[in-house]
Amino acid sequence: MASEQVPRRRADARRNEEALLDAAAAAFVASGVEAPVRDIAARAGVGVGTVYRHFPTRADLVVAVYRHQVEALAEAGAAALAGPSAPYDALVRWIDGFVDFLVTKHGLAGALRDGDGFEGLHDHFLDRLVPACAALLAAAAEAGEVRADIGALELMRGVGNLCIGADDPRYDARRLVALLVAGLRTS
Numbered sequence: 000m001a002s003e004q005v006p007r008r009r010a011d012a013r014r015n016e017e018a019l020l021d022a023a024a025a026a027f028v029a030s031g032v033e034a035p036v037r038d039i040a041a042r043a044g045v046g047v048g049t050v051y052r053h054f055p056t057r058a059d060l061v062v063a064v065y066r067h068q069v070e071a072l073a074e075a076g077a078a079a080l081a082g083p084s085a086p087y088d089a090l091v092r093w094i095d096g097f098v099d100f101l102v103t104k105h106g107l108a109g110a111l112r113d114g115d116g117f118e119g120l121h122d123h124f125l126d127r128l129v130p131a132c133a134a135l136l137a138a139a140a141e142a143g144e145v146r147a148d149i150g151a152l153e154l155m156r157g158v159g160n161l162c163i164g165a166d167d168p169r170y171d172a173r174r175l176v177a178l179l180v181a182g183l184r185t186s
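The sequence shown begins at 0 in numbering that gives the first Met the number 0 and counts up one residue at a time.
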């Protein structure tokens, strides 16, 4: 019985897709999820056809950007834990990245509610990010740097709630999140 081989994508194709996802994310921050495809292509340094070859619909692109950013944030949690920083400092850096993730989703919430391929994204978000946050919290608690009675989902919801309205220039979500995270300290 011959083993089934999974085709490996070429490195340049992966790089193009990464560039497209990063460019789309930047365009979404600047102009919302309705940013013109030509702007995304220009940011990525590719043609419009390349965007459509990778992501035939806007929904495909939005879902891919969201998943890409969730994966990057999950990986950042593991990297922060493996780094030389104190666990609390790693947690703070990760929470900063989480805030960036939350406040740069102009129009995404509305797009997510509209369906079209967005089913399961919230579960993916929870499946990947709650464990990353939990590992950081556990390491900081084990080091005696933060309280041990706060759960990852509880903290993430608190941060998320503080980020609501962050598009108002009179509101500084990052400052309030910093106060919340400082309140986790044991001393």
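All residues carry an ideal CB built from backbone N, CA and C; glycine is no exception.
Rounded straight-line distance, which links the Cα of residue j to that of residue i
| i | j | result |
| --- | --- | --- |
| D11 | P168 | 40 Å |
| V32 | S186 | 42 Å |
| G85 | A181 | Before going on, a small fix: residue 85 reads as Ala here, not Gly. Whole-angstrom Cα-Cα distance: 14 Å. |
| R156 | V36 | 32 Å |
| T103 | R9 | 30 Å |
| H53 | F27 | 17 Å |
| R173 | G164 | 12 Å |
| P55 | A77 | 32 Å |
| G96 | A25 | 15 Å |
| L120 | Y87 | 29 Å |
| E17 | A79 | 22 Å |
Residues near residue i in its chain [Cβ-Cβ closer than 7 Å; skip 5 each side]
| i | result |
| --- | --- |
| A151 | V129, C132, A133 and L136 |
| L20 | A63, V64 and H67 |
First and last residue of the uninterrupted alpha helix (DSSP H) at residue i
| i | result |
| --- | --- |
| Y51 | V47 to H53 |
| V158 | A151 to C162 |
| D88 | P86 to V102 |
| Y65 | R57 to A81 |
| E16 | A10 to S30 |
| D166 | Looking at the DSSP string, D166 is not in any alpha helix (DSSP H), and its letter there is neither H nor E. |
CB contact flag (residue i, residue j, <8 Å)
| i | j | result |
| --- | --- | --- |
| V233 | L161 | Nothing in the structure corresponds to residue 233, since the chain is present only between 0 and 186. |
| A58 | I39 | no |
| L179 | V158 | yes |
| A89 | G82 | yes |
| A147 | A140 | yes |
| R127 | V61 | no |
Own chain, CB closer than 8 Å to residue i, minus 5 neighbours either side, in chain order
| i | result |
| --- | --- |
| I149 | L136 and L183 |
Neighbour flag for residue i against chain D, beta carbons, 8 Å
| i | result |
| --- | --- |
| R146 | No chain D appears in the structure shown, which is made up of a single protein chain. |
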